[in-house]
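A.B. asks: Below you will find the structure I want to go over with you.
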Amino acid sequence: MKVVIKKKQQIADIMNTFYLKKRGFNMNFKNKMKKRASLLLVAAIIILIVSVWAIIELKYFFGAFGILISLIGTLIYSKLITEINSIEE
16 MKVVIKKKQQ
26 IADIMNTFYL
36 KKRGFNMNFK
46 NKMKKRASLL
56 LVAAIIILIV
66 SVWAIIELKY
76 FFGAFGILIS
86 LIGTLIYSKL
96 ITEINSIEE
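Numbering-wise (our numbering), the sequence shown opens with residue 16 and increments by one.
What follows is the structure in structure tokens.
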């Protein structure tokens, strides 16, 4: 009888350590995703500032270039929103 109880306790210990490792991994993953999302936000802000400068300063010649940069910034911002939504789930 004691042998069976010992085996069950060992199995429970193994399951607990596995669960804690898995939970810790998930928490680390969420922290990495938050850092990645903040980096994407900084990149989107920089690209939008550059696109506004390109539209104001280089009106006619680089206007299409500024629009292209603003589209890239919009794509990065939309990716940022999807990353944040995936973190919250």
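Even for Gly, the Cβ is constructed at its ideal location relative to N, Cα and C.
Return the residue from the list L95, L54, I64, I71 that minimises the CA-CA distance to S85.
C.D. replies: For the purposes of this step, residue 85 is taken as the residue at position 70 of the sequence shown. Nearest C-alpha to S85: I64.
A.B. asks: Would you mind sorting S53 into buried or exposed? The rule is 16 or more other CB atoms within 10 Å of its CB.
C.D. replies: Here residue 53 refers to the residue found at position 38 of the sequence shown. Counting Cβ neighbours within 10 Å, S53 comes out exposed, since fewer than 16 surround it.
A.B. asks: Do Y92 and A59 have their CB atoms nearer than 8 Å?
C.D. replies: Reading the sequence shown from its first residue, position 77 is the one you call residue 92. Reading the sequence shown from its first residue, position 44 is the one you call residue 59. Yes, the pair counts as a contact, with Cβ atoms nearer than the cut-off.
A.B. asks: In whole angstroms, give me the CA-to-CA distance for R51 and T97.
C.D. replies: The sequence position of residue 51 within the sequence shown is 36, counting from 1. The sequence position of residue 97 within the sequence shown is 82, counting from 1. Approximately 12 Å between the Cα atoms of the pair.
A.B. asks: Return the CA-CA distance between F80 and L90, expressed in angstroms with no decimal places.
C.D. replies: Within the sequence shown, residue 80 is the residue found at index 65, counting from 1. Within the sequence shown, residue 90 is the residue found at index 75, counting from 1. Their Cα atoms are separated by approximately 15 Å.
A.B. asks: Look at the alpha carbon of I71 and the alpha carbon of L95, and state the distance between them as a whole number of angstroms.
C.D. replies: Numbered from its first residue, the sequence shown carries residue 71 at position 56. Numbered from its first residue, the sequence shown carries residue 95 at position 80. The alpha-carbon atoms of I71 and L95 are separated by roughly 26 Å.
A.B. asks: Answer with buried or exposed for I82, where buried requires no fewer than 16 other C-beta atoms within 10 angstroms of its C-beta.
C.D. replies: As a position in the sequence shown, residue 82 is number 67, starting the count at 1. With fewer than 16 other Cβ atoms within 10 Å, it is exposed.
A.B. asks: Leaving out five residues before and five after I62 in sequence, what residues of the same chain have Cβ atoms less than 8 Å from its Cβ?
C.D. replies: Taking the sequence shown and counting its residues from 1, the one referred to as residue 62 is at position 47. Answer for I62: I84, S85, I87, G88, I91, listed in chain order.
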